[in-house]
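Residue numbers (the numbering used here), protein chains in the order written: chain A, 8 to 354; chain B, 8 to 354. All C-beta atoms, glycine included, are put in the ideal place defined by N, C-alpha and C. Read the structure below first, then the notes.
2 protein chains.
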Amino acid sequence: MGGDFAPQSTVQGAVDAVRELENSLQVLLVGDEKALRTELSQYDYPADRISIISTSKVVTMTDRPTRVLKEKRDSSLIRAVELHSEREAAAVVSAGHTGAQVAASLVMLGRIEGVRRPTIGSYFPSENGVALLVDVGANTDCKPIHMLQFAAMGSIFVEHFFERRPARVGLLNIGEEQTRGNQLAVSTYYLFERSGLNFVGNIEGRDIFKGAADVIVCDGFVGNILLKFAETIYELLLARFQGALNIGLPNEELHQALRGFQKDFDYAEHGGVPLLGVNGVSIICHGRSSARAIKNAIREAVIMVERKIPEAIREGIEQYHAGLFSRGIARLHSYQEWRERHSRESD
Amino acid sequence: MGGDFAPQSTVQGAVDAVRELENSLQVLLVGDEKALRTELSQYDYPADRISIISTSKVVTMTDRPTRVLKEKRDSSLIRAVELHSEREAAAVVSAGHTGAQVAASLVMLGRIEGVRRPTIGSYFPSENGVALLVDVGANTDCKPIHMLQFAAMGSIFVEHFFERRPARVGLLNIGEEQTRGNQLAVSTYYLFERSGLNFVGNIEGRDIFKGAADVIVCDGFVGNILLKFAETIYELLLARFQGALNIGLPNEELHQALRGFQKDFDYAEHGGVPLLGVNGVSIICHGRSSARAIKNAIREAVIMVERKIPEAIREGIEQYHAGLFSRGIARLHSYQEWRERHSRESD
Numbered sequence: 008m009g010g011d012f013a014p015q016s017t018v019q020g021a022v023d024a025v026r027e028l029e030n031s032l033q034v035l036l037v038g039d040e041k042a043l044r045t046e047l048s049q050y051d052y053p054a055d056r057i058s059i060i061s062t063s064k065v066v067t068m069t070d071r072p073t074r075v076l077k078e079k080r081d082s083s084l085i086r087a088v089e090l091h092s093e094r095e096a097a098a099v100v101s102a103g104h105t106g107a108q109v110a111a112s113l114v115m116l117g118r119i120e121g122v123r124r125p126t127i128g129s130y131f132p133s134e135n136g137v138a139l140l141v142d143v144g145a146n147t148d149c150k151p152i153h154m155l156q157f158a159a160m161g162s163i164f165v166e167h168f169f170e171r172r173p174a175r176v177g178l179l180n181i182g183e184e185q186t187r188g189n190q191l192a193v194s195t196y197y198l199f200e201r202s203g204l205n206f207v208g209n210i211e212g213r214d215i216f217k218g219a220a221d222v223i224v225c226d227g228f229v230g231n232i233l234l235k236f237a238e239t240i241y242e243l244l245l246a247r248f249q250g251a252l253n254i255g256l257p258n259e260e261l262h263q264a265l266r267g268f269q270k271d272f273d274y275a276e277h278g279g280v281p282l283l284g285v286n287g288v289s290i291i292c293h294g295r296s297s298a299r300a301i302k303n304a305i306r307e308a309v310i311m312v313e314r315k316i317p318e319a320i321r322e323g324i325e326q327y328h329a330g331l332f333s334r335g336i337a338r339l340h341s342y343q344e345w346r347e348r349h350s351r352e353s354d
Numbered sequence: 008m009g010g011d012f013a014p015q016s017t018v019q020g021a022v023d024a025v026r027e028l029e030n031s032l033q034v035l036l037v038g039d040e041k042a043l044r045t046e047l048s049q050y051d052y053p054a055d056r057i058s059i060i061s062t063s064k065v066v067t068m069t070d071r072p073t074r075v076l077k078e079k080r081d082s083s084l085i086r087a088v089e090l091h092s093e094r095e096a097a098a099v100v101s102a103g104h105t106g107a108q109v110a111a112s113l114v115m116l117g118r119i120e121g122v123r124r125p126t127i128g129s130y131f132p133s134e135n136g137v138a139l140l141v142d143v144g145a146n147t148d149c150k151p152i153h154m155l156q157f158a159a160m161g162s163i164f165v166e167h168f169f170e171r172r173p174a175r176v177g178l179l180n181i182g183e184e185q186t187r188g189n190q191l192a193v194s195t196y197y198l199f200e201r202s203g204l205n206f207v208g209n210i211e212g213r214d215i216f217k218g219a220a221d222v223i224v225c226d227g228f229v230g231n232i233l234l235k236f237a238e239t240i241y242e243l244l245l246a247r248f249q250g251a252l253n254i255g256l257p258n259e260e261l262h263q264a265l266r267g268f269q270k271d272f273d274y275a276e277h278g279g280v281p282l283l284g285v286n287g288v289s290i291i292c293h294g295r296s297s298a299r300a301i302k303n304a305i306r307e308a309v310i311m312v313e314r315k316i317p318e319a320i321r322e323g324i325e326q327y328h329a330g331l332f333s334r335g336i337a338r339l340h341s342y343q344e345w346r347e348r349h350s351r352e353s354d
């Protein structure tokens, strides 16, 4: 029931998924039974592979995440997460209220042991495909150890999901040198260098598109602003080209160019992004997700389950921590700590 | 001598300025006399309105700003700032090393009394023209009082330069509500509300283009990343459209659309941006500035001098400070202070 075009786009996305993806895939549609049956009746699909779980409520965009958990247990979103937590479903996919999905996933699936703050990354176009910018999930006022965990979870995800090994990790910053940036960036750089990550150094705003890193790490304040800004680029482009588009696109090359730009920047066309650091697979889709985006998100969920990515994160986080311990820097909580350490080492 | 296309673009920009701008304008070109004479000889212009100040050195992009001040006093950049500080010139315009220009301006022109950190803003396209994003000048790890001063200086600049009164001030943040965002954003919101600024609330990344604010305030870490990211959008667009462009643009509408996008995002086409908070007019141009950008930057300098914008900032900053004093919040240096104050007021 979640998202601007639900249940049309979610149901169509589910139908396309069971038609096009592997034969063992089963989809549980959670929500208003009547509405879902009506939608489903329009499609021809293997009926034994889609079932409906009926719920009475819907989470709206104005609901407070914490209240939803208490007062809307029988909503499509919360019930879907619950089905996953009960292992009735192997993963959950939603285009609904992101805050509520995150809150429900944290509470019902639980955090992976050792993970301080689960994180959401987002894909940015880059010269060799995409880069994962992490955190874009509003984890503000971060410490270096949080940034390290974002980097570790992002790396493990990219290595398993895109099979790019080892994932190259960059730190979003305002200059190339290790002493540039704000206090968080400077102390995070120090930690990344000693972390066992495949750290390629600072990535400036101008380098995001250039493909120098597979995972670009920033705190959730910066990441969220950058993501929401990037999401409007395509709208601005469309507005500018409206006149030209109205009279029809005169040739195929131009059509391809605009389509390429859409592929880069129209986040509603993408699949979803995973919530990393929880015990399970919770895929967060854009509110404006099309059926195509929903189908892609379901495909992502399948890959994450098959490749056991949450388990890989559990093991990986432990290894990164052990690596830091062995270097005597289990903690690095502040700029002050970095300064003390840095001045000791420089003596 | 500064910038990727100097001295060609700087000399041509100066020639165009004295040709096209008002009759009283005189330009002093500072740099290698021979190179400047050779460039100038190609143009037809009122010879009594351009003079050359000969210097022996040039600041390169790898120079350290602080060393430049000591070791390259006879460089074009430092001498130009010095001419302004000696009141031989009413303003200084450069497309050279930004860090060195800022350092020289701070030291030789000095800060306006009461200004903690001078700031650089940059223009972002918006539905009603442009919005000034401030700070983009790498003032990292800011306190609320710094943000207030960025807002005040940005407002005064916009009000005098664009004659938009009162300037609408927004705070770049990750949500609409006043309690959203990181600790800096939350405590800055509190201060803005009580500041006498024409504060319109939080501006999210998705709203930057929408024209809801004339001045959008953020710390220099966020601002610099956002600016450098935005600067690459036009490059990405051009790369995408290269195929279509190579075979020629088939119609005028499309040409206009691309040109509009260029106008929005090609920062090398803009004039410069002022360093706000120093005793003088120091205009910072993009390294890739065209002759047109240089001419526009000279025009900006003329307007700033004629409208006495540095003096307006001096008076305005005092007024904002007095306003805060009268509300009993002369200082707000940290999130902790905000919390204490906020909980007292909520009692």
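Going by beta-carbon coordinates alone, are residue i and residue j separated by less than 8 Å?
i, j, result
"valine 378 (chain A)", "glycine 161 (chain A)", "Absent from the structure is residue 378 (chain A), since the part of chain A shown begins at 8 and ends at 354."
"isoleucine 119 (chain B)", "valine 285 (chain B)", "yes"
"alanine 111 (chain B)", "valine 143 (chain B)", "no"
"alanine 98 (chain A)", "leucine 84 (chain A)", "no"
"alanine 298 (chain B)", "glycine 20 (chain B)", "yes"
"phenylalanine 272 (chain B)", "threonine 147 (chain B)", "no"
"histidine 277 (chain B)", "tyrosine 130 (chain B)", "yes"
"aspartate 5 (chain B)", "methionine 154 (chain B)", "No information on residue 5 (chain B) is available, as it lies outside the stretch 8 to 354 that chain B covers here."
"alanine 96 (chain B)", "leucine 35 (chain B)", "yes"
"phenylalanine 169 (chain B)", "methionine 311 (chain B)", "no"
"valine 165 (chain B)", "isoleucine 290 (chain B)", "no"
"lysine 64 (chain A)", "lysine 77 (chain A)", "no"
"arginine 306 (chain B)", "leucine 28 (chain B)", "yes"
"valine 222 (chain B)", "alanine 174 (chain B)", "yes"
"isoleucine 336 (chain A)", "leucine 198 (chain A)", "yes"
At the 8 Å Cβ level, is residue i part of the contact set with chain A, yes or no?
i, result
"valine 229 (chain B)", "yes"
"lysine 235 (chain B)", "yes"
"threonine 239 (chain B)", "yes"
"aspartate 142 (chain B)", "no"
"aspartate 49 (chain B)", "Checking the sequence, you will find glutamine at residue 49 (chain B) rather than aspartate. Closer than 8 Å: no."
"isoleucine 181 (chain B)", "yes"
"glutamine 190 (chain B)", "yes"
"isoleucine 232 (chain B)", "yes"
"threonine 186 (chain B)", "no"
"phenylalanine 332 (chain B)", "no"
"leucine 244 (chain B)", "yes"
"arginine 247 (chain B)", "yes"
Any beta carbon from chain B within less than 8 Å of residue i's own beta carbon?
i, result
"phenylalanine 199 (chain A)", "no"
"threonine 17 (chain A)", "no"
"isoleucine 215 (chain A)", "yes"
"glycine 429 (chain A)", "In the structure as shown, chain A starts at 8 and stops at 354, and residue 429 (chain A) therefore has no counterpart that could be examined."
"aspartate 23 (chain A)", "no"
"arginine 314 (chain A)", "no"
"aspartate 70 (chain A)", "no"
"arginine 80 (chain A)", "no"
"glutamate 211 (chain A)", "yes"
Please report the Cβ distance between residue i and residue j, rounded to the nearest whole angstrom; I am assuming they are in contact, meaning their Cβ atoms lie under 8 Å.
i, j, result
"tyrosine 241 (chain B)", "glutamine 263 (chain B)", "Tyrosine 241 (chain B) to glutamine 263 (chain B), Cβ: 15 Å. No contact."
"leucine 178 (chain A)", "isoleucine 210 (chain A)", "7 Å"
"glycine 267 (chain B)", "arginine 247 (chain A)", "5 Å"
"valine 176 (chain A)", "leucine 90 (chain A)", "Actually they do not touch by this definition, with Cβ atoms about 34 Å apart."
"tyrosine 50 (chain B)", "valine 193 (chain B)", "Wrong, their Cβ atoms sit about 55 Å apart, outside the cutoff."
"threonine 17 (chain B)", "alanine 102 (chain B)", "6 Å"
"proline 151 (chain B)", "leucine 191 (chain B)", "7 Å"
"valine 109 (chain B)", "leucine 283 (chain B)", "About 11 Å separates the two Cβ atoms, so there is no contact after all."
"alanine 145 (chain B)", "isoleucine 181 (chain A)", "6 Å"
Would you say the beta carbon of residue i comes nearer than 7 Å to a heavy atom of the ligand HEM?
i, result
"valine 22 (chain B)", "In the structure on display, the ligand HEM does not appear, and there are no ligands present to speak of."
Checklist entry - Any chance the region 226-235 of chain B sits against the region 207-219 of chain A, with 3 or more Cβ pairs inside 8 Å? => result yes
Item to check | Inter-stretch contact at 8 Å, needing at least 3 Cβ pairs: the region 12-23 of chain B / the region 189-204 of chain A | outcome: At 8 Å Cβ cutoff, the stretches do not touch.
Item to check | Cβ contact check for the region 331-351 of chain A and the region 58-65 of chain B: 3 or more pairs under 8 Å | outcome: no
Next on the checklist: Using 8 Å as the cut-off, can you tell me whether the region 151-160 of chain B makes contact with the region 324-337 of chain B, which would need three or more C-beta pairs spanning the two stretches below that distance?
Outcome noted: yes
Next on the checklist: Ignoring anything shorter than 3 residues, give me the beta strand (DSSP E) runs that lie fully in the region 90-117 of chain B, in order along the chain.
Outcome noted: 99-101
Checklist entry - What are the uninterrupted segments assigned as beta strand (DSSP E) that are 3 or more residues long and contained completely in the region 181-205 of chain A, given in chain order? => result none
Item to check | Within the region 313-354 of chain A, ranges of the alpha helix (DSSP H) (whole runs, at least 4 residues) | outcome: 316-333 and 342-353
Checklist entry - Which ranges would you report for the alpha helix (DSSP H) in the region 112-178 of chain B if only whole runs of at least 4 residues count? => result 151-168
Item to check | Those runs of the beta strand (DSSP E) which lie wholly inside the region 25-83 of chain B and span at least 3 residues | outcome: 34-38 and 57-61
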